[in-house]
Every structure is written in structure tokens, then in C-alpha cells.
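>
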Amino acid sequence: MVIYSHSKLSIFEQCKKKYKLKYIDKIPPEIEQTIEGYLGEKVHETLEWIYINRMQDILVSLDEAIEYYISSWNKDYSNEIKIVNIENPPELYFNKGVKFIIDYFTKHHPFLDNTIALEKKVYVTLDSEGKYVLQGYIDRLVHDKERNIFEVHDYKTGGSMKSQEELDKDRQLALYSIAIKQNHNNPEVRLIWHFLDFNEKRVSKRTDEELENLRKEIIELINKIESTIDFPANPTCLCKWCEFRGYCIEGMGFESNKYDYYS
Ligand code: SF4
1 MVIYSHSKLS
11 IFEQCKKKYK
21 LKYIDKIPPE
31 IEQTIEGYLG
41 EKVHETLEWI
51 YINRMQDILV
61 SLDEAIEYYI
71 SSWNKDYSNE
81 IKIVNIENPP
91 ELYFNKGVKF
101 IIDYFTKHHP
111 FLDNTIALEK
121 KVYVTLDSEG
131 KYVLQGYIDR
141 LVHDKERNIF
151 EVHDYKTGGS
161 MKSQEELDKD
171 RQLALYSIAI
181 KQNHNNPEVR
191 LIWHFLDFNE
201 KRVSKRTDEE
211 LENLRKEIIE
221 LINKIESTID
231 FPANPTCLCK
241 WCEFRGYCIE
251 GMGFESNKYD
261 YYS
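Quick look at the structure:
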């Protein structure tokens, strides 16, 4: 049985050639990490650290949170980290992270919601035989015991924000909510995104019928992936960040500065 993830499905939909290089040929990527990915990792780590302490009844200060972020950034930073938009110095990304932490901390302090898990690994079983399984990680899981409501929180460090309509159709957190419903006797689940670059929070929900449709749609997509024999390239603006670009003539020729993408 092959275990899928939301990103694996998305890569297939985005570019079949990249999917083949990454998951079938298992080619070692040329780029280990982009600066955008590094920023996302360090901000996630810092927010996780704030909540790990909170779950142990320790309320860290904003200064301590920023110090944690700075020290984590400096400890792991290397010149191997790829800056695609070369006009941007690394400090620009570092400073963005500081701003994200300050804004999030100020807005959510003293972090009173009932966080029960951080970076929680979940398995989503899509069929009764367990043939179709996805795995993923929930940034933060909250449980309001009195009302038996779960919240799946996700931090976005990217420079674009989705509309409510897009979020109401978003697949990743909806899939995680299937796992929560499977494991906790079908409670209400709220999907919550924190768009840190905009200091905005967005909420969505799914009906059981919508989740059932999603389940069928994903099974269909997995069947399509497993029966695919042709993996053509699909050059887009995202090629600039593709870790397999050096293996791909189509993608190497794609130069667009139209989008400033970071995840
Ligand atoms: S460079 Fe672009 S076209 Fe080539 S594999 Fe990567 S995403 Fe696909």
C-alpha cells in the first residue's frame, strides 16, 4: 500500500514530470531548501515552542519568543539555502519572520485556547479496506471539551492570501478533518488558517456530505495517479522554485518574475 500526502497529490496535479522525478525516480533534489521554506520552518518552530511552553503552564514573553526565533534562524542558516528572487537579501526574509512572531503573539497572547497537540501526525483512511491512506501533519490541534469542537490550525507564511470561497474548497485541512472525525466519533471540526503575512485568521467548515464527496474525489485521483504512464512537464511560474529544475529542459526555460511566491 502506498501512503499519499496532500503535497504528493498536489505535485501530481501541478506537474507530472516533477511527480515522476520526485516520487518514482527518487532523484535527489538539486535544491535542498529555499529561503521561503526556511522562513516557514523557523516561524512554525517558534510558534510550536510558544505552545509547548503554554501546555506546560509556562507563558513565555514576546522577547523570549523573538530570541528563540533569532537563535533558531542563526543556528541552522547556511549559504546552501537558495534565494530564488536574488534581489531580496536574506535579512528581508528574517525580518518578515520577526514581524510574523510579533503580530501573532500580540494577537493571541495569552494563548488560552485548549491546544491538545502540535505538529500532530494524522492518517486519513479513505476506504473500508485501508487501501487508500493519506498522512499529514496538523500544525496545531485545539479541543473545546465542553462543546466537543475540534479546531485544525494551519500557519501560512506565504505572500498570498486565499479568498473565503477558495478556503471553503481547500482540500488539505478538510482531509485532516476526516481523520479527526474518524478518531473522535464525528465531532464538529473547524478549519482555521493563520495568514501571517496579513495578520489575518480565516475559518471554514465542511458538512459530512462535502467530506464524503472529497473522499471519493481523492480515491479517484489516487486511481488516476496509479494508472498514469505518461508524465509530461507543465512549466509555470512555480518552476523557479522547483528543486528538479536542473533535470528539466522545459522548466529551465521558464523565466517569469510575475509572481513572488513563498510557502
Ligand atoms: S521545472 Fe517546472 S516543468 Fe520542470 S519538473 Fe519542475 S515544475 Fe515541472
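All the letters of the sequence shown, read from the start, carry residue numbers 1 to 263 under this note's numbering.
Where is the CB? At the ideal position from N, CA and C, for every residue including glycine.
(1) Measure the CB-CB distance between Y176 and I149 and report whether it falls below 8 Å.
(2) Could you pull the DSSP bridge partners for R190 from this structure?
(3) For the 8 Å Cβ check, are there 3 or more pairs between the region 70-88 and the region 111-118?
(4) By DSSP, does F100 sit in helix, in strand, or in coil?
(5) Does at least one heavy atom of ligand 1 sit under 7 Å from the Cβ of E114?
(6) Could you give the distance in angstroms between the alpha-carbon of D168 and the alpha-carbon of L191?
(7) Considering just the uninterrupted stretch of the alpha helix (DSSP H) at T46, what are its terminal residues?
(8) Under the three-state reduction of DSSP, which class applies to R245: helix, strand or coil?
(9) What does the alpha-carbon distance come out to for the pair V124 and F12?
(10) Measuring only the C-alpha atoms, how far is S227 from K162?
(11) List the residues that DSSP assigns as beta-bridge partners of Q135.
(12) What is the DSSP secondary structure of T115, reduced to helix, strand or coil?
(13) Taking the C-alpha atoms as reference points, what is the distance between C239 and K20?
(14) Does any heavy atom of ligand 1 sit closer than 7 Å to the C-beta of L9?
(15) Assuming L173 and D154 form a contact by the criterion Cβ under 8 Å, report the distance between their Cβ atoms to the nearest whole angstrom.
(16) Output needed for L341: all residues of its chain with C-beta closer than 8 Å, excluding positions within five of it in sequence on either side, in chain order.
In terms of the structure at hand:
(1) no
(2) E151
(3) no
(4) Helix at F100.
(5) A quick correction: the sequence has Asn, not Glu, at residue 114. No; taking the cut-off as 7 Å, the Cβ of N114 has no heavy atom of ligand 1 nearer than that.
(6) 9 Å
(7) I35 to M55
(8) helix
(9) C-alpha separation (whole angstroms): 19 Å.
(10) 32 Å
(11) BP columns for Q135 point to Y123.
(12) strand
(13) 15 Å
(14) Because no heavy atom of ligand 1 lies under 7 Å away, the Cβ of L9 does not count as near it: no.
(15) 6 Å
(16) Since the first residue of the chain shown is 1 and the last is 263, residue 341 is not available in this structure.
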